[in-house]
Structure formats: structure tokens, C-alpha cells
Amino acid sequence: MSKVTEAQVIVALSHVIEPELHKDLVTLKMVKQIEIEDGQVNLTIMLTTPACPLKGKIEADVVGAVQTIAGVEKVTVHFDAHVPTDARLMGKMDIGVHNAVAVASGKGGVGKSTIATNLAISLALEGATVGLLDADIYGPNVPMMMGINERPKSQNNRIIPPEAHGVKLMSMGFLIGPNDPVIWRGPMIHSALRQFIQDVEWGELDYLIVDLPPGTGDASLSLAQSLSLTGAVIVTTPQQVALSDVVRGVSMFKQLQVPILGVVENMSYFVAPDTGQRYDIFGQGGGAKMAQEVGAVFMGEVPLEPQVRLGGDEGQPIVVRDPASAAAQAIRAIARQVAAAVSVQNIAADLPKFKQAPELKMV
Ligand SMILES: Nc1ncnc2c1ncn2[C@@H]1O[C@H](COP(=O)(O)OP(=O)(O)OP(=O)(O)O)[C@@H](O)[C@H]1O
Ligand SMILES: [Mg+2]
């Protein structure tokens with residue numbers, strides 16, 4: 004039997020195309036380790052996010068390609084991940100935050116905080132390091148949704164963010180008492196945010212999810228400006244009045260040169276638990292249509308489920324409270340799309356570099 008060589012495996016892998024980056028795994032330097040023992044090939048593929056939605060396809064394509072080599076009996080694929088950094092964040096945030104993703108809407112009450120919280124936990128469940136920044140100055144309710152009652156501690160003049168469900172959290176709510184009137188002027192918002200970015204011991208974060216206040220008012224504008232954002236996820240509900248606000252939200256981010264990663268439709272439908280009948284309470288298909296109109300990716304529908312609301316009230320977000328529920332599954336899938344969109348964007352910015360990758364010699 005012919006002996007399988009590393010060069011043969013590399014050539015085989017140079018024909019496996021990363022489905023979102025449209026380049027092969029060798030050019031993208033995603034092949035981390037190759038071990039060959041007789042007919043057994045063990046590979047480690049470096050993904051651009053642990054939350055890669057196409058892990059299964061990549062695995063199948065790798066196995067398929069390597070199995071065509073004569074003498075290969077078994078192929079085992081291991082995955083590791085390295086989330087690329089948004090280069091624009093460097094220098095602006097002198098911390099280990101690699102990507103900052105805002106969750107926003109043009110309108111209040113559509114479920115931004117619910118989506119932001121569950122999105123952050125979903126990314127952590129996939130193996131990413133995640134922080135959550137509740138920048139909602141009007142109603143910072145993320146600590147409650149995360150089940151965090153304690154205030155951050157300080158150590159050596161650094162703020163230590165409390166952690167729950169594998170996510171580190173900082174909230175405007177930590178700075179103000181629950182019944183304090185909230186009157187923020189621009190400079191106050193800026194200095195609070197600067198503190199959140201520079202004085203908080205975030206550590207290395209693959210993703211910092213930022214829950215922005217509702218609307219396109221001054222507050223969210225200055226928040227979006229003082230943070231360097233990798234991208235924004237826009238949350239809407241299906242009805243027309245909410246949708247027209249999406250357009251305003253999208254144009255605000257466009258003006259600020261913050262890319263729109265995608266649009267999420269929340270409270271899309273309700274399935275009656277007793278009959279299984281689906282009700283489109285706020286209409287149907289509006290989010291997808293709106294996303295298309297503004298040229299954004301539609302990332303999915305999250306149903307209206309009483310457990311989502313209870314989870315928020317009781318500090319047990321739906322992705323941990325009831326992982327099998329349709330709402331939890333929808334948010335997990337959305338989180339993987341957000342992670343992929345961030346990686347694709349960062350790598351696309353870096354792609355000219357890959358064009359100079361040396362040609363592989365055929366063996
Ligand atoms: N899919 C859902 N199913 C059931 N309840 C939901 C769902 N999404 C959000 N909710 C509930 O709706 C209410 C509003 O949600 P949330 O606070 O996340 O909205 P928001 O957009 O952040 O609001 P605000 O603009 O005030 O910040 C909360 O009580 C939340 O638990
Ligand atoms: Mg909110």
C-alpha cells in the first residue's frame with residue numbers, strides 16, 4: 004500500500020473551498036496540523052470563529068477530499084478557532100476586545116436587550132469569549148435579564164465586570180440607582196462609556212456585544228460614535244410601523260460607516276401550545292422584506308414565547324432556560340450568522356494579503 008504523505012493531504016485540502024470566504028483552506032491558512040499514521044489522517048482545521056455555522060459542511064468537504072488519496076482509510080477532523088480582530092478597533096480600544104457588535108433598533112420595546120443578552124450567551128456557549136455592554140442609558144435592564152444583582156468590584160483602579168452564563172457584563176445600570184432619574188448629557192455619556200471601555204478588566208474578548216438605547220436619538224448616535232463598532236445587528240418586529248424605523252436605524256449606521264451585519268425579526272409569530280396553531284400576530288415576512296430593501300442580510304425570525312419574557316424577568320435567558328425551544332434555537336442560529344459575518348468582514352479586509360500566498364507545488 005502506498006504511503007500517504009503530508010504533501011498529498013495539503014494538495015487535497017487546497018481544493019476545499021471555505022464556503023463563505025470562497026478561497027481554499029490552504030490559502031486561508033486554516034490547516035493547522037496534519038498527522039498521518041498509516042491510513043489514518045488526523046487534521047486540525049482553524050476556524051475563524053468557534054460559532055462557525057458551516058462547520059459540518061467544512062468537515063464533510065475535508066473528509067471527502069482527503070479520502071480521495073490512495074491509501075487513506077480514515078480521516079478525523081478536529082477544530083480550533085481564532086476569531087480575527089477588527090483592525091479599526093486597534094488603538095481605539097486599548098483593551099483585548101477584538102470585535103464590538105451593536106444590537107440596535109429604530110424603535111423601543113422590540114426586544115433588543117433580549118436578543119443582545121441571548122446572543123452574547125449563545126456565542127459563549129459556542130466557545131467564544133464574550134462581554135456584554137448595556138449602554139442603554141434610559142432603561143438599563145440587562146443586569147436583571149442576566150440575573151446579576153451585584154455591582155462590579157474594583158481592583159488596582161480597574162473595574163472587574165461581574166459574570167453570568169459565561170458572559171462578562173457592564174451596564175449603565177451599575178452607575179445609577181434603580182429609581183434615580185436619568186438625565187444624561189452628551190459629555191456624561193462619553194465619559195461613562197470611555198470608562199466602560201478603558202477602565203474595565205474585560206480581558207481578551209472575541210466579541211463585545213453592545214445593547215444600544217432605542218432609536219436614532221442623540222444618545223445612540225454619540226454612543227455609536229464613541230465606540231468603534233465592527234458592525235450592527237438591527238432588531239425589528241414584523242409590523243410596518245416598526246419596519247419604517249429600521250430604515251432610519253440603518254441609515255444612521257450607514258452615515259456612521261458602521262456596517263450592518265444583519266436584520267433580526269423578533270416576536271415574529273406565536274405557536275399556541277395547546278393546538279400547535281401558528282399566529283402571525285404582527286403580520287408576516289416584514290423583516291425579511293425590509294432587510295432586502297435596505298440591502299442587509301436577513302438573519303432569522305424569533306417567535307413570541309412566554310418563556311422568553313419569563314427568562315428575561317428571572318435572569319435565565321431563553322438559550323439557557325429552555326435550549327430546545329424554537330426561540331432559543333433561532334437565536335443560536337442567528338448568533339452563528341453574526342459570528343460568521345464578523346469573520347468574513349475582517350478577513351475580507353485582509354484578503355489582499357492572501358492573494359500573495361505562495362502557489363502550492365503539485366506532487
Ligand atoms: N420573543 C419574545 N417572546 C416573548 N417576550 C419577548 C420576546 N422578546 C422580547 N420579549 C419581552 O418583551 C419585553 C421587551 O423586550 P426588551 O426589553 O428586550 O426590548 P428592548 O427593545 O430592549 O426595549 P427598550 O427599547 O425599552 O430597551 C421584555 O419583557 C421581554 O422579555
Ligand atoms: Mg432594552
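Using my numbering, the final residue of the sequence shown is 366, and nothing's skipped along the way. For every residue, glycine included, the Cβ atom is placed at its ideal position computed from N, Cα and C.
Listed in chain order, the non-local C-beta contacts of Ala68 below 8 angstroms within the same chain comprise Ala15, Leu16, His18, Val19, local neighbours out to five positions each way being set aside. Counting only residues whose CB is nearer than 7 angstroms to a non-hydrogen atom of ligand 2, the list in chain order is Lys115, Ser116, Asp139, Gly142, Asn144, Asp214, Pro217. Of Lys58, Ala329, Gln242, Met148, the smallest CA-CA separation from Leu313 is found for Met148. Not one heavy atom of ligand 1 falls within 8 angstroms of the beta-carbon of Ile284. Gln228 is the residue among Pro241, Gln228, Gly286 whose C-alpha sits nearest the C-alpha of Gln258.
In terms of CA proximity to Asp353, Ala90 leads the group Ser174, Val66, Ala90, Val266. Not a single heavy atom of ligand 1 lies less than 8 angstroms from the C-beta of Asp209.
In the structure shown, Ala227 adopts helical secondary structure according to DSSP, grouped into three states. Assigned with DSSP and collapsed to three states, Lys26 falls in coil, not helix or strand. At a cut-off of 8 angstroms, the beta-carbon of Val311 counts as near ligand 1: some heavy atom of the ligand is closer than that. Remark: C-beta atoms of Leu230 and Val213 approach each other more closely than 9 angstroms. In this structure, Ala84 places its C-beta atom within 9 angstroms of the C-beta atom of Leu50. Relative to the non-hydrogen atoms of ligand 1, the Cβ of Pro326 never comes closer than 8 angstroms to any of them. Restricting attention to His101, Ala331, Gly288, Gly109, the CA atom closest to the CA of Ser254 is found in Gly109. In terms of CA proximity to Ala235, Leu215 leads the group Leu215, Val80, Asp248. If you draw a straight line from the Cα of Gly265 to the Cα of Gly288, it is about 15 angstroms long. Short of 8 angstroms from the beta carbon of Gly99, and not among the five residues preceding or following it, lie these beta carbons of its own chain, in chain order: Trp205, Gly206, Glu207, Leu208.
Assignment of Met191 by DSSP, reduced to helix, strand and coil, places it in the helix class.
With a threshold of 16 other beta carbon atoms within 10 Å, Ser247 falls short and is exposed. Taking every protein chain shown into account, the CB of Gln201 has fewer than 16 other CB atoms within 10 angstroms, so this residue is exposed. Beyond the five residues adjoining it in sequence on each side, Gln280 comes within less than 8 angstroms, by CB distance, of Val274 in the same chain, given in chain order.
Judged by DSSP in its simplified three-state form, Glu304 adopts strand.
For Gly114, the closest of Met173, Gly218, Val203, Val86 by C-alpha to C-alpha distance is Gly218. For the set Ala167, Asn159, Arg161, the Cα lying nearest the Cα of Glu153 is the one of Ala167.
Short note on Ala330: C-beta closer than 8 angstroms to some heavy atom of ligand 1. Judged by DSSP in its simplified three-state form, Ser108 adopts coil rather than helix or strand.
Using a Cβ distance threshold of 9 angstroms, Ala103 and Leu211 count as a contacting pair. Here Gln11 is buried, its C-beta having at least 16 other C-beta atoms within 10 Å. Closest by C-alpha distance to Ile162, out of Phe199, Thr132, Ile124, is Phe199. Within 8 angstroms of the C-beta of Met270 there is at least one heavy atom belonging to ligand 1. Here Ile48 is actually not in contact with Ile37; their C-beta atoms are around 10 angstroms apart, not less than 8 angstroms. For Glu21, the distance from the CB to the nearest heavy atom of ligand 1 is not below 8 angstroms. Burial check for Pro276: the Cβ neighbour count within 10 Å stays below 16, so the residue is exposed. In this chain, the alpha helix (DSSP H) harbouring Ala10 covers 9–16. Linking Lys6 to His81 through their CA atoms gives a straight-line distance of about 22 angstroms. Bounds of the alpha helix (DSSP H) holding Lys292 are 289–297.
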